[in-house]
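In my numbering, the protein residues as written are 329 to 708. The beta carbon of each residue, even a glycine, is placed where N, CA and C say it ideally should be.
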Amino acid sequence: MAEFFTMDHQSHQIFGDDKVKMVINTLPPNGGSGTFSYSKNSYFQKRSSSVEESKIEEEIQKKLDVKKLASASNMIIRVADFGCATGPNTFVNAHKVLEAMKHKHKSQCPNTETNPEFHVFFNDLPSNDFNTLFTSLPQDRNFFACGVPGSFYNRLFPQSSIHFAYSTYALHFLSKSPEVVQELNDPAWNKGRIHYTSASEEVVDAYATQFARDAGNFLDARAVELVPGGMLVIVMQGVPNGMPYSHIINGMLFDCMGSILMELSKEGLFDESEVDSFNFPYYAPSPEEMRKVIEKNGRFSIERMELTDPAPWLKSMEQVIPEWILHVRAAMEPIFITQFGNQATHQMFQRLTKQLLDKRHLLQTKYRDKIQLFLVLKKN
Ligand SMILES: C[S@@+](CC[C@H](N)C(=O)[O-])C[C@H]1O[C@@H](n2cnc3c(N)ncnc32)[C@H](O)[C@@H]1O
329 MAEFFTMDHQ
339 SHQIFGDDKV
349 KMVINTLPPN
359 GGSGTFSYSK
369 NSYFQKRSSS
379 VEESKIEEEI
389 QKKLDVKKLA
399 SASNMIIRVA
409 DFGCATGPNT
419 FVNAHKVLEA
429 MKHKHKSQCP
439 NTETNPEFHV
449 FFNDLPSNDF
459 NTLFTSLPQD
469 RNFFACGVPG
479 SFYNRLFPQS
489 SIHFAYSTYA
499 LHFLSKSPEV
509 VQELNDPAWN
519 KGRIHYTSAS
529 EEVVDAYATQ
539 FARDAGNFLD
549 ARAVELVPGG
559 MLVIVMQGVP
569 NGMPYSHIIN
579 GMLFDCMGSI
589 LMELSKEGLF
599 DESEVDSFNF
609 PYYAPSPEEM
619 RKVIEKNGRF
629 SIERMELTDP
639 APWLKSMEQV
649 IPEWILHVRA
659 AMEPIFITQF
669 GNQATHQMFQ
679 RLTKQLLDKR
689 HLLQTKYRDK
699 IQLFLVLKKN
């Protein structure tokens, strides 16, 4: 019982310039099902999101009035996943959310014969490999499926049409890297680095400003699309208030990538200016920063916001370095290929694994406890 169609939302284009479009189109992870594909290398994200599973069930049980939402919409509940990639994690998430809502509905209406039907919208950027997503849709699903291509920083749905929205491991991707970090004569010029980790205060501020703008746009769009009483759940990378990213394990990753790329440029694979002009559009906010964005928007109540340990099962990072880099490669490779080409990108990931193995003792000292931001919002 599935319905397939895609919707395009040209009317809400915000990108005037081709370069920005190009960057955003290279954000989707590796498609297909090959060695470096996201579909084969995304179970770290799955395990990390699953840490929040019981909390999401609890929030739905306590705070989502499924009976009221369903009866006000002809018994059709609409759910959206923002940044779904190619699967399979998105299907696992959809299944859990739907089960929790059905359970809630049953507890509210124990004697009813009429259960809500579910329509699930899978959103990602247009260049995402939606074919892999659609061909791997679970055969035994009990929801109607629909793909929605477009940036989640824009409007993607009609007003008051979505009852439950979630996004896992996607909102730390910015719509673009801040312009000033690429400008030669600006104090925020990020020479020789590819990220704000270990960079100057000006660079960190430029990224923080870009995040606040993007997250604001995300919330503004969802505030229009969600019905009153609807719920928005976000799981993403985060940092404790005030902690510099260089203290965090993922920060070491960006520092190593940057220094390997500089090394490769010195070996003549590309010009050093390619590193200077490349800044990975990724920002992990603190709860304090997130709270400010939500309060500025003013149309959601914060039901729950906390930092969690995304990998309580992991005793030592040393055990998983090669697998970790495979996951990073699957999620981030296309944007590096666009900037540095296939050969150099391949070299970078090969050297990254080796370098992190060599520096494993330093890696062990990096902070990795509370670096997942979990957020439950309710639309007023
Ligand atoms: C690491 S994947 C996470 C996928 C999945 N939610 C999971 O938990 O495994 C991040 C996804 O966010 C998508 N993404 C990044 N920026 C986006 C944007 N502005 N609009 C829509 N999707 C975006 C990427 O294309 C990618 O598929």
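What is the residue span of the alpha helix (DSSP H) that residue i lies within?
i: H423; result: 417-436
i: D697; result: It is not in any alpha helix (DSSP H) - D697 carries neither H nor E in the DSSP assignment.
i: V531; result: 529-553
i: R709; result: The requested residue 709 is not part of the displayed model; the chain covers only 329 to 708.
i: N451; result: Unbroken run through N451 is the beta strand (DSSP E), 445-452; no alpha helix (DSSP H).
i: F372; result: 371-378
i: D462; result: Sequence inspection shows Phe at residue 462; the Asp mentioned does not correspond to that position. Looking at the DSSP string, the run of the alpha helix (DSSP H) that includes F462 is 458-463.
i: H383; result: A small correction: the amino acid at residue 383 is Lys; His does not occupy that position in the sequence shown. Note, K383: alpha helix (DSSP H), 381-391.
So is residue i buried or exposed if we call it buried at 16+ other beta carbons inside 10 Å?
i: I404; result: exposed
i: N513; result: exposed
i: F333; result: Residue placement at F333 is poorly supported in this model, since its pLDDT is 32, which falls under 50; the coordinates still yield a value, given next. So F333 counts as exposed.
i: W641; result: exposed
i: L701; result: buried
i: S601; result: exposed
i: D686; result: exposed
i: E553; result: buried
i: S370; result: buried
i: H340; result: Any reading at H340 must be qualified, since the residue scores a pLDDT of 38, below 50, and its modelled position is unreliable; the value itself is stated next. Per the 10 Å Cβ criterion, exposed.
i: S367; result: buried
i: H689; result: exposed
i: T673; result: buried
i: E661; result: buried
i: P486; result: exposed
i: L705; result: buried
i: E380; result: buried
i: G586; result: buried
i: P650; result: exposed
i: E595; result: exposed
i: N708; result: exposed
i: D452; result: buried
i: S495; result: buried
i: K624; result: exposed
i: Q692; result: exposed
i: E617; result: buried
i: N459; result: exposed
i: D599; result: exposed
i: S376; result: buried
i: T363; result: exposed
i: K432; result: buried
i: Q373; result: buried
Please list the terminal residues of the continuous beta strand (DSSP E) segment that includes residue i.
i: K395; result: Looking at the DSSP string, K395 is not in any beta strand (DSSP E); the run it does join, the alpha helix (DSSP H), is 394-399.
i: I404; result: 404-410
i: V508; result: That residue, V508, is in no beta strand (DSSP E); it is neither H nor E in DSSP.
i: A473; result: 472-477
With 8 Å set as the bound, which would you pick, yes or no: does the beta-carbon of residue i sit closer than that to a beta-carbon of chain D?
i: Q700; result: Included in the structure is just one protein chain, with no chain D present.
List the DSSP bridge partners of residue i.
i: Q467; result: Q467 is not bridged to any residue.
i: Y494; result: D409, V561
i: F702; result: V563, E634
i: F501; result: Y610
i: F485; result: F485 is not bridged to any residue.
i: K707; result: F628
### Task
Please list the segments of the alpha helix (DSSP H) lying wholly inside the region 571-633, counting only runs of 4 or more residues, in order along the chain.
577-594, 600-604, 615-625
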